[in-house]
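Residue numbers for the sequence shown follow this note's numbering, so the first one is 425 and each next one is one higher. No residue lacks a Cβ here, since even glycine has one placed at the ideal position from N, Cα and C.
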Amino acid sequence: MLSTTIAVAAALLASSAPPDDGVRLDGDVTVFAAASLTESFEAIGEAFEAIHPDVDVTLSFAASSQLAQQIEEGAPADVFASADVANMDRLVDGGGAGGEPVVLATNALAILVEAGNPLDIDELADLAGDDLIVIACDPAVPIGAYTQHVFADAGVDVEIDSYEENVRAVVSKVLLGEADAGVVYITDVLAAGDEAAGVRIPADVNLVADYPIAVTAETDDAELAQAFVDFVLGDEAQAILAVLGFGPPDADAAAPPPSTAPFRRAPA
(Lines of atoms letter the chains of each structure in order from A; the text may use other names.)
(Lines give C-alpha, C1' and ligand atoms only; values in the text may rest on other atoms or scores of the structure.)
Protein backbone atom coordinates (compact mmCIF):
# COMPACT_ATOMS: atom_id res chain seq x y z
CA MET A 425 0.00 0.00 0.00
CA LEU A 426 2.96 2.31 0.34
CA SER A 427 4.32 1.94 -3.20
CA THR A 428 2.69 5.15 -4.39
CA THR A 429 3.91 7.03 -1.33
CA ILE A 430 7.46 5.81 -1.76
CA ALA A 431 7.50 6.76 -5.44
CA VAL A 432 6.13 10.24 -4.75
CA ALA A 433 8.48 10.83 -1.84
CA ALA A 434 11.51 9.61 -3.78
CA ALA A 435 10.80 11.94 -6.70
CA LEU A 436 10.30 14.96 -4.49
CA LEU A 437 13.15 14.16 -2.15
CA ALA A 438 15.49 14.00 -5.14
CA SER A 439 14.65 17.58 -6.00
CA SER A 440 14.51 18.88 -2.43
CA ALA A 441 17.10 21.45 -1.39
CA PRO A 442 17.68 23.52 1.76
CA PRO A 443 15.75 26.80 1.72
CA ASP A 444 17.67 29.78 0.40
CA ASP A 445 16.42 32.17 3.09
CA GLY A 446 19.22 31.20 5.45
CA VAL A 447 16.86 29.61 7.99
CA ARG A 448 18.20 26.37 9.44
CA LEU A 449 15.79 24.57 11.72
CA ASP A 450 16.69 21.89 14.23
CA GLY A 451 14.88 19.88 16.86
CA ASP A 452 11.97 17.46 17.07
CA VAL A 453 8.41 18.06 15.88
CA THR A 454 5.62 15.68 16.83
CA VAL A 455 2.64 15.63 14.48
CA PHE A 456 -0.73 14.11 15.37
CA ALA A 457 -2.61 13.43 12.13
CA ALA A 458 -5.82 11.73 11.07
CA ALA A 459 -5.37 8.09 10.05
CA SER A 460 -6.40 8.89 6.48
CA LEU A 461 -3.34 11.14 6.17
CA THR A 462 -0.90 8.28 6.85
CA GLU A 463 0.67 7.83 3.40
CA SER A 464 0.72 11.53 2.55
CA PHE A 465 2.19 12.69 5.86
CA GLU A 466 4.81 9.96 5.82
CA ALA A 467 5.98 11.34 2.47
CA ILE A 468 5.65 14.95 3.63
CA GLY A 469 7.59 14.21 6.81
CA GLU A 470 10.44 12.70 4.80
CA ALA A 471 10.48 15.66 2.45
CA PHE A 472 10.57 18.11 5.38
CA GLU A 473 13.47 16.22 6.98
CA ALA A 474 15.34 16.25 3.67
CA ILE A 475 15.13 20.03 3.55
CA HIS A 476 15.91 20.36 7.27
CA PRO A 477 18.37 17.54 8.06
CA ASP A 478 18.64 18.59 11.71
CA VAL A 479 14.91 18.07 12.26
CA ASP A 480 13.24 14.81 13.30
CA VAL A 481 9.55 14.46 12.49
CA THR A 482 7.56 12.05 14.65
CA LEU A 483 4.15 11.10 13.28
CA SER A 484 1.23 9.67 15.24
CA PHE A 485 -1.88 8.52 13.35
CA ALA A 486 -5.32 7.69 14.73
CA ALA A 487 -8.92 8.83 14.50
CA SER A 488 -9.15 12.62 14.78
CA SER A 489 -11.44 12.33 17.80
CA GLN A 490 -8.90 10.16 19.61
CA LEU A 491 -6.05 12.51 18.79
CA ALA A 492 -7.98 15.57 19.95
CA GLN A 493 -8.72 13.83 23.24
CA GLN A 494 -5.09 12.83 23.67
CA ILE A 495 -3.96 16.43 23.15
CA GLU A 496 -6.57 17.65 25.63
CA GLU A 497 -5.17 15.14 28.15
CA GLY A 498 -1.65 16.46 27.73
CA ALA A 499 -0.12 14.30 25.02
CA PRO A 500 3.04 15.99 23.64
CA ALA A 501 1.94 17.09 20.18
CA ASP A 502 3.28 20.11 18.30
CA VAL A 503 0.92 19.97 15.32
CA PHE A 504 -2.60 18.59 14.89
CA ALA A 505 -4.09 17.72 11.49
CA SER A 506 -7.72 16.65 11.67
CA ALA A 507 -10.01 14.96 9.14
CA ASP A 508 -12.84 17.25 10.18
CA VAL A 509 -13.51 20.75 11.41
CA ALA A 510 -15.48 19.59 14.47
CA ASN A 511 -12.51 18.02 16.24
CA MET A 512 -10.29 20.97 15.40
CA ASP A 513 -12.97 23.32 16.76
CA ARG A 514 -13.02 21.18 19.89
CA LEU A 515 -9.30 21.79 20.33
CA VAL A 516 -9.63 25.52 19.62
CA ASP A 517 -12.56 25.94 22.01
CA GLY A 518 -10.61 24.18 24.74
CA GLY A 519 -7.59 26.40 24.29
CA GLY A 520 -5.47 23.63 22.80
CA ALA A 521 -4.63 25.35 19.52
CA GLY A 522 -1.76 27.80 19.36
CA GLY A 523 -2.89 29.50 16.17
CA GLU A 524 -5.71 29.81 13.67
CA PRO A 525 -6.39 26.46 11.94
CA VAL A 526 -6.02 26.36 8.16
CA VAL A 527 -7.51 23.80 5.77
CA LEU A 528 -4.68 21.79 4.22
CA ALA A 529 -6.68 19.57 1.85
CA THR A 530 -10.06 18.02 1.16
CA ASN A 531 -11.30 14.47 0.64
CA ALA A 532 -14.47 12.60 -0.30
CA LEU A 533 -15.97 9.19 0.40
CA ALA A 534 -15.97 5.97 -1.63
CA ILE A 535 -16.80 2.30 -1.18
CA LEU A 536 -13.90 -0.13 -0.84
CA VAL A 537 -14.46 -3.70 -2.07
CA GLU A 538 -12.39 -6.75 -2.91
CA ALA A 539 -10.08 -6.56 -5.91
CA GLY A 540 -12.07 -7.08 -9.10
CA ASN A 541 -15.33 -6.35 -7.25
CA PRO A 542 -16.51 -10.00 -7.41
CA LEU A 543 -19.84 -9.23 -5.74
CA ASP A 544 -20.68 -6.55 -8.33
CA ILE A 545 -21.23 -3.77 -5.82
CA ASP A 546 -21.91 -0.78 -8.05
CA GLU A 547 -23.75 1.76 -5.89
CA LEU A 548 -24.70 2.70 -2.36
CA ALA A 549 -28.03 0.87 -2.60
CA ASP A 550 -26.16 -2.41 -3.08
CA LEU A 551 -24.79 -2.11 0.45
CA ALA A 552 -28.31 -2.71 1.81
CA GLY A 553 -28.16 -6.35 0.74
CA ASP A 554 -28.70 -8.77 3.61
CA ASP A 555 -26.01 -11.14 2.39
CA LEU A 556 -23.20 -8.57 2.50
CA ILE A 557 -20.79 -7.88 5.35
CA VAL A 558 -20.52 -4.09 5.40
CA ILE A 559 -18.29 -2.19 7.81
CA ALA A 560 -17.71 1.48 8.56
CA CYS A 561 -16.09 3.70 11.15
CA ASP A 562 -17.75 4.48 14.43
CA PRO A 563 -19.97 7.60 14.11
CA ALA A 564 -17.77 9.29 16.74
CA VAL A 565 -14.96 9.25 14.16
CA PRO A 566 -15.13 11.90 11.40
CA ILE A 567 -15.58 9.48 8.50
CA GLY A 568 -18.10 7.51 10.54
CA ALA A 569 -20.21 10.65 10.88
CA TYR A 570 -19.71 11.43 7.20
CA THR A 571 -20.86 7.91 6.31
CA GLN A 572 -24.11 8.28 8.23
CA HIS A 573 -24.67 11.64 6.55
CA VAL A 574 -24.16 10.13 3.08
CA PHE A 575 -26.48 7.19 3.79
CA ALA A 576 -29.18 9.59 5.00
CA ASP A 577 -28.85 11.86 1.95
CA ALA A 578 -28.99 8.85 -0.37
CA GLY A 579 -32.00 7.40 1.44
CA VAL A 580 -30.21 4.08 1.91
CA ASP A 581 -30.71 1.94 5.01
CA VAL A 582 -27.49 0.00 5.50
CA GLU A 583 -26.97 -2.45 8.35
CA ILE A 584 -23.36 -2.03 9.50
CA ASP A 585 -21.92 -5.33 10.69
CA SER A 586 -18.94 -3.81 12.46
CA TYR A 587 -17.95 -0.31 13.52
CA GLU A 588 -14.19 0.30 13.43
CA GLU A 589 -12.10 2.79 15.40
CA ASN A 590 -10.49 4.39 12.34
CA VAL A 591 -10.49 4.17 8.56
CA ARG A 592 -7.27 2.14 8.47
CA ALA A 593 -9.08 -0.65 10.29
CA VAL A 594 -11.86 -0.59 7.69
CA VAL A 595 -9.32 -0.85 4.88
CA SER A 596 -7.47 -3.67 6.61
CA LYS A 597 -10.60 -5.80 7.10
CA VAL A 598 -11.66 -5.44 3.47
CA LEU A 599 -8.15 -6.31 2.25
CA LEU A 600 -8.08 -9.37 4.53
CA GLY A 601 -11.44 -10.57 3.24
CA GLU A 602 -13.11 -10.07 6.62
CA ALA A 603 -15.69 -7.72 5.08
CA ASP A 604 -17.29 -7.45 1.65
CA ALA A 605 -17.35 -3.66 1.60
CA GLY A 606 -16.41 -0.67 3.70
CA VAL A 607 -16.91 3.06 3.44
CA VAL A 608 -13.57 4.86 3.26
CA TYR A 609 -12.05 7.95 1.71
CA ILE A 610 -11.20 8.08 -1.99
CA THR A 611 -7.56 8.41 -0.96
CA ASP A 612 -7.77 5.05 0.84
CA VAL A 613 -8.99 3.38 -2.35
CA LEU A 614 -6.06 4.83 -4.27
CA ALA A 615 -3.58 3.84 -1.57
CA ALA A 616 -4.85 0.24 -1.64
CA GLY A 617 -3.77 -0.02 -5.27
CA ASP A 618 -4.38 -3.40 -6.90
CA GLU A 619 -5.17 -5.01 -3.55
CA ALA A 620 -8.74 -3.70 -3.65
CA ALA A 621 -11.26 -1.89 -5.84
CA GLY A 622 -13.27 1.28 -5.45
CA VAL A 623 -16.89 2.17 -6.14
CA ARG A 624 -17.74 5.84 -6.49
CA ILE A 625 -20.37 7.65 -4.47
CA PRO A 626 -22.23 10.21 -6.61
CA ALA A 627 -21.38 13.84 -5.99
CA ASP A 628 -24.99 14.78 -5.21
CA VAL A 629 -24.94 12.62 -2.06
CA ASN A 630 -21.21 12.66 -1.37
CA LEU A 631 -19.54 15.40 0.62
CA VAL A 632 -16.23 17.19 0.89
CA ALA A 633 -14.31 16.70 4.11
CA ASP A 634 -12.12 19.64 5.12
CA TYR A 635 -8.80 18.74 6.76
CA PRO A 636 -7.64 21.59 9.05
CA ILE A 637 -4.15 21.83 10.55
CA ALA A 638 -2.83 23.95 13.42
CA VAL A 639 0.06 24.33 15.83
CA THR A 640 -0.90 23.21 19.34
CA ALA A 641 -0.88 25.58 22.28
CA GLU A 642 1.50 23.39 24.28
CA THR A 643 4.22 22.96 21.65
CA ASP A 644 7.76 23.33 22.95
CA ASP A 645 8.93 24.86 19.67
CA ALA A 646 6.31 27.06 18.05
CA GLU A 647 8.70 28.19 15.30
CA LEU A 648 9.48 24.64 14.20
CA ALA A 649 5.84 23.56 14.47
CA GLN A 650 4.72 26.51 12.37
CA ALA A 651 7.44 25.76 9.82
CA PHE A 652 6.03 22.26 9.41
CA VAL A 653 2.49 23.64 8.99
CA ASP A 654 3.74 26.12 6.41
CA PHE A 655 5.49 23.30 4.56
CA VAL A 656 2.27 21.25 4.47
CA LEU A 657 0.52 24.23 2.89
CA GLY A 658 3.35 24.81 0.39
CA ASP A 659 3.70 23.60 -3.18
CA GLU A 660 5.82 20.51 -2.50
CA ALA A 661 3.55 19.01 0.14
CA GLN A 662 0.44 19.99 -1.80
CA ALA A 663 1.83 18.09 -4.80
CA ILE A 664 2.20 14.98 -2.62
CA LEU A 665 -1.37 15.34 -1.36
CA ALA A 666 -2.71 15.80 -4.89
CA VAL A 667 -0.93 12.73 -6.26
CA LEU A 668 -2.38 10.65 -3.43
CA GLY A 669 -5.92 11.76 -4.25
CA PHE A 670 -6.62 14.71 -1.94
CA GLY A 671 -8.42 17.73 -3.28
CA PRO A 672 -7.31 21.34 -2.87
CA PRO A 673 -8.26 23.26 0.28
CA ASP A 674 -10.87 25.33 -1.56
CA ALA A 675 -12.76 22.42 -3.13
CA ASP A 676 -16.41 22.93 -4.09
CA ALA A 677 -18.76 20.81 -2.00
CA ALA A 678 -20.99 20.30 -5.05
CA ALA A 679 -18.30 18.28 -6.80
CA PRO A 680 -15.82 16.40 -4.60
CA PRO A 681 -12.44 17.22 -6.20
CA PRO A 682 -10.77 13.83 -5.86
CA SER A 683 -13.60 12.14 -7.80
CA THR A 684 -11.68 12.28 -11.07
CA ALA A 685 -8.79 10.27 -9.65
CA PRO A 686 -8.62 6.86 -11.35
CA PHE A 687 -9.73 3.86 -9.31
CA ARG A 688 -7.77 0.67 -9.79
CA ARG A 689 -10.69 -1.58 -10.61
CA ALA A 690 -10.64 -4.69 -12.77
CA PRO A 691 -13.04 -4.66 -15.77
CA ALA A 692 -16.39 -6.34 -15.16
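Item, Value
"Entirely enclosed beta strand (DSSP E) segments - the segment 504-591, minimum 3 residues", "526-531, 533-538, 558-561, 586-588"
"Pairwise C-alpha distance: residue 622 and residue 531", "15 Å"
"Host beta strand (DSSP E) of residue 625 (start-end)", "Run containing residue 625: none; DSSP gives neither H nor E here."
"Pairwise C-alpha distance: residue 494 and residue 602", "30 Å"
"Opening and closing residue of the beta strand (DSSP E) in which residue 485 lies", "479-486"
"Own chain residues within Cβ distance below 6 Å of residue 483, not counting five before or after", "455, 465, 469"
"CA-to-CA distance, residue 471 to residue 656, given in whole angstroms", "10 Å"
"Spatial distance of residue 548 from residue 521 (CA atoms)", "37 Å"
"Outcome for residue 606 when other beta-carbon atoms lying within 10 angstroms are tallied against a minimum of 16", "buried"
"Closest residue to residue 594 among 513, 503, 538, 451 (Cα-Cα distance)", "538"
"Whole-angstrom C-beta distance between residue 533 and residue 574, which should lie under 8 Å", "6 Å"
"Beta-bridge partners of residue 611, as assigned by DSSP", "None, per the DSSP bridge assignment."
"Beta-ladder partner(s) of residue 669, from DSSP", "DSSP lists no partner for residue 669."
"Close Cβ partners of residue 648 (< 6 Å) along its chain, the five nearest in sequence each way excluded", "449, 451, 453"
"Residue 469 (DSSP reduced to helix, strand or coil)", "helix"
"Cβ pair residue 558, residue 459 closer than 8 Å", "no"
"Identified DSSP bridge partners for residue 454", "482"
"Three-state secondary structure (DSSP) of residue 617", "helix"
"Same chain, Cβ closer than 8 Å to residue 650, neighbours up to 5 away in sequence not counted", "523, 639"
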